[in-house]
Amino acid sequence: MIRFKNGISKFWRTRVVNRKSVVIDNERKDRIRKRLLDVLHEPDRSVAVQGAVAIARIARTDCPNDWPSLMPTLQATIQSAATTIHEAALRGTLAETARETMILLHATDTLRQCLKEFERVRVLAGKMRMTELASVLMPTLQPVLEQFFADTMVASTVPDITAWAHTPGAAERVRASHLLLKVLHRLAMCDTGILASRVSEVTRPNLAYTFFSCTPRQVSCLAERRAAMLGVVHDVPLLSHALTKHMMAYAKLHLALVARLHSHVSSWPVWSEVMMWYWGVLSDAAQNGGARAALSRDDDDELAVYPYRWLVLTLSLLQTTLGHWKRERPAGTMFVGDSGAQFELQLADVLIKTYLRMTPADLERWQASPELFAVEEDQADSELDIRPAAECLLAALARWSYRSGKSAASSLPTVAEYVWAQFEASASWPSTLDGIIARDAVYTAVARCRDQLDPSMLEAADEDAQQNTCMTVAIHERLIPEAATRDAGPAWLILRRRIAWMLWEWSEYVTKPVRSGAYALLVQLLQQAPGYSDAAVHLAAARTVAALADTLDFDEMEFLPFLQDALAALVYALSHELEEIDSIRTMANALTVVIERMGLHIQPYAAMLAELVTTLWARDDPEARAKPSLLEFLSKLVDTCAPGMDGDLLVRMHALIAHVVQASLAPAYAPLLGQDALLLWAHTMQATPRMTPALMKLLCMAPELVAQPDFGSLMCRTWEDYVLLVPNEILHHFGLAFYGALAPIVADPTSSIILAPLCAVRTHIRTLDAAGLCTLAEQLHVTGLGRAIIDTLYRDETSAVVQACILLISQLAIKMPAPHFHELVRACAPKEPPVWPTVCTCMIKKGQDMALTRYRKLVALGLASMLKGSSSSSISADGSMAPHPDASLLTCIPRIIGLWTEVLGEVVEDDSGNSTVYKREPSPDRPLDAMQDDFIHMDQCVGEATWQESMSPGAERLEAFRTQDPAFTVPIRAFLADTLNKVLQANPANTPQGLELHQQLQQMDPLVLDMLQRDLNQPAANTQNPA
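Just so we're aligned: 810 in UniProt numbering is position 810 of the sequence shown, and the numbers increase by one with no gaps anywhere.
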């Protein structure tokens, strides 16, 4: 049966396996479906369970179209078995219904599995199918559940609890009732009645409400029966387990109903009674404590009247309901008016005195391993743990506490005021263990009421009240002195950790006058002092230090006196104390924030921090949970300290970074750490003052990384940082391999990262000297990258791609010696059509569409360089004059001149070619030219300035690179005039090329030529008073 079940998803529908179509014909499918229903009578439970799953998987695709009888069959089977059991209950022969109970169990479980599969179909058709099933099945199954529950739980023939518990089949019947409830739960969640009714009385038909209205009586009866049985029956564990799960299912149902998006369940008439009952559960559990309630995860739920999970669900249910009600609670109930105010204060008192308190099991876990305890506390979930759920309930209660207006109780304090009164009273509580635990609960509660205690959150708050909140005063006058107390005993660790956590929760209220005292306390808590602090306190203090340092009003000079001790404590904790990955990540994040905010003050400690990274990176971390934090920490350290490093320390730092980057980009770690590692690499290149062997060796990975879409763009930008530093060395050692890897990317029309390679090549062109440009031309030809760039001009690419390609060719034409550039273009271009007219036409057409004046100037200069580098004729082998292969450029003269006149009309520049008009232009898309890189440097800020605006070596190199742009250094008028003179001199009228040139000029409009002449003769602008 298991193998058949597992093969359904693969073979039931028509599939192609090994190029053969695998089909099960309809006749065989019908026989299989009929035989599968025999599992409803299967005595072996494990076989029946697997059969139910198999039916559900088939039903997902076949029901109702190909298997219309499935749901009616299951429905009829459930009704028939339940009827038989009811008749036996009337006769007092429930013990003789084992077969019917088994059939009911299997049929209900099969229906539950089918509904579970149907719910996984998220498309509209699947939701409609569930809604239709709810409308068909709920009217039948709801009375079945109500009657069957009565027969199972309150049969009058077995009033004695002991006799009822030992009735044969009792556990199976409870299990069947539980499965029926789960079926109706899934159906009710798909019924539109949950969203349909918001009136005080539900008068129209509502299936969900009809089902819900019977559940309060059932869950109350179930809880009473379970509580009564626990006191007298201890030898039927299966029945006790079934009762516990059944009771949990009702709480899950109620929580799911009210938590449903846009649900109106909280406005139903019976809902307030349900909330009153659950409030009674919480209150009774608090009064009886450990005698009846499981307040710790270590307690045995089977022996507790109020299991741990049951209490969590109850807390979540009350919190969700209060959130739905807000301040519009149902009238005429105990939740409004004076009784509502009393309810709020009673609930707050119960939460503080019971559900927010640490239990003996919590203290044992803390004593056994403070670090593990702190990690588990941080990972606690309000849906699974009591104390986080109680905190959420208290926050919701305080938020919606109301004492003015309609149905108010103005004489009573609000929840926040009551909690604050408890906080003030706790100052006089004894320093015993119980008193410290009680104070810890109060501190937790008052921290969660932060928004309600802040006067600035109130509508009528004066300015003085906003600047002098009660929380700021409490931090200065009470919390900091209490945490600093040294003679209070080891139990005071509880309060020190809680106060450190409160300072994190209230970090915005740790104002400037209080900062110095807070820093002193936190650094003191970070240090190793047995009996005064431990790993749990250290983690809380570290997180608070990071929160205070990461605020807008952080003053590095104010923290400077504490920096050395803070760094020493954090480093010691990371290297010698902490073992859990999550705690290492927390501490590393705190250290990262301190390094980033303290800036250059970190440089004296760079060697110590680098050694720390070496130690932490060597720790076993197969899931790479802590390594991202270490990469970020190392990145901040490099950004801060590398510019001031020199000599051996810089070499060792780069060697460490190279090792970390290589390890992070290994196949096992690359999907998890690759992006962070490349960011670290990029930040290192921007911060380094010089090249080192370790950084040079890293470039061996570049060809492989640039070919990966996830890393290609970032790798290209890192390559640009390299060429800004050592352009010729990079070209000779790695250029051939790197540009060979770029060629297929540029040649691929569907590539998503094509812009990055084009910009990388363009940057390299601008940094090379003449000899390097000749070598680059050879590499572009050999690798095929030059051909791919020329082909990009011919493709119907987006404007950004074509623009990048045109600017690259223009830079090549301007920078590269003429023979090499023209030979490269001829070698890389296709034979047909003629290369120069096609290239020039594309450059002119797209150049006119460019938004930036300096880009159009570059295109104009590039076209002029192409003309200047071409000659009219060459000597053939027999000594005669032969046409030059670049002579076709002369046919483009009219269009080139047209572009020149447009550019000359816009450019206003001085004698050196610089123009103030560029500074008024918007930033271009290319970050490197705009000095506003929003890609790899967007998270690297120094104050309010990006890395380019800081004084880093990368910023200085970029500024020098930018000032060498021909758009800022070449006077366009002189350059174009010189180009025209050389072209006219090299092509006299008595040569065929000269004749072609003069014919082209004669065909042009004389006004255009006159305009060109006047623009070329226009004097340069005065740099002191630009036009």
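Glycine included, each C-beta is placed from N, C-alpha and C at the ideal position.
| Item | Value |
| --- | --- |
| Residue 1017 classed as buried or exposed, judged by whether at least 16 other C-beta atoms fall within 10 angstroms | exposed |
| Three-state class that DSSP yields for residue 306 in the structure shown | strand |
| Residue 765 vs residue 811 beta-carbon contact at 8 Å | yes |
| Per-residue burial, residue 557 [other beta carbons within 10 Å of its own, 16 or more giving buried] | exposed |
| contact_flag[the segment 320-337, the segment 381-389] where n(CB pairs < 8 Å) is 3 or more | no |
| Beta carbon of residue 785 nearer than 8 Å to that of residue 746 | yes |
| C-alpha distance - residue 705 paired with residue 724, whole-angstrom precision | 20 Å |
| Contact under 8 Å by Cβ, residue 246 with residue 174 | yes |
| Those runs of the alpha helix (DSSP H) which lie wholly inside the segment 172-249 and span at least 4 residues | 193-196, 207-232 |
| Distance cut-off 7 Å: residue 986 Cβ against heavy atoms of the ligand HEM | This structure simply doesn't include the ligand HEM, nor any ligand for that matter. |
| C-alpha distance - residue 922 paired with residue 749, whole-angstrom precision | In this prediction, residue 922 scores a pLDDT of 45, lower than 50, which makes its location untrustworthy; no coordinate-derived value is stated. |
| Per-residue DSSP class, three states only, for residue 810 | helix |
| Which residues DSSP lists as bridging residue 293, in chain order | 306 |
| Contact belief for residue 293 with residue 305 at Cβ below 8 Å, rounded distance in angstroms | 7 Å |
| Nearest to residue 613 (by Cα), restricted to the options 865, 961, 751, 571 | 571 |
| Proximity test, Cβ basis, 8 Å: residue 599 and chain D | In the structure shown, chain D does not exist; there is a single protein chain. |
| Own chain, CB closer than 8 Å to residue 624, minus 5 neighbours either side, in chain order | 669, 672, 673 |
| Sub-8 Å separation of residue 586 and residue 543 beta-carbons | yes |
| For residue 65, the first and last residue of its enclosing alpha helix (DSSP H) | First-last for residue 65: undefined, no H or E at that position. |
| C-beta atoms of residue 54 and residue 1 nearer than 8 Å | yes |
| Cβ contact check for the segment 107-115 and the segment 54-65: 3 or more pairs under 8 Å | yes |
| Local Cβ density within 10 Å of residue 190, reported as buried at 16 or more and exposed below that | buried |
| Reference residue 248, options 212, 224, 310, closest by Cα | 310 |
| Candidates 666, 971, 148: closest to residue 84 by CA position | 148 |
| Classification of residue 262 by the beta-carbon crowding that lies within 10 angstroms, buried from 16 upward | exposed |
| Beta carbon of residue 629 nearer than 8 Å to that of residue 588 | yes |
| Cβ neighbour criterion (16 or more within 10 Å) applied to residue 995 | exposed |
| Meets three-Cβ-pair contact criterion under 8 Å: the segment 264-278 and the segment 209-222 | yes |
| Pick from 677, 424, 541 that is closest to residue 661, judged by C-alpha positions | 677 |
| Nearest-angstrom Cβ-Cβ length linking residue 1040 and residue 104, presumed shorter than 8 Å | For the chain, the structure presents residues 1 to 1027; residue 1040 sits outside this window and is missing. |
| For residue 799, three-class secondary structure by DSSP | helix |
| Straight-line gap, residue 561 to residue 514 (C-alpha atoms, nearest Å) | 15 Å |
| Helix, strand or coil at residue 726 according to DSSP, with G and I counted as helix | coil |
| Residue 595, buried or exposed, once every other Cβ within 10 Å from all chains shown has been counted against 16 | buried |
| Residue 513, DSSP secondary structure in three states | helix |
| Spatial distance of residue 942 from residue 657 (CA atoms) | Caution is warranted here: a pLDDT of 30 is assigned to residue 942, below 50, making its placement in the model unreliable, and no coordinate value can be reported. |
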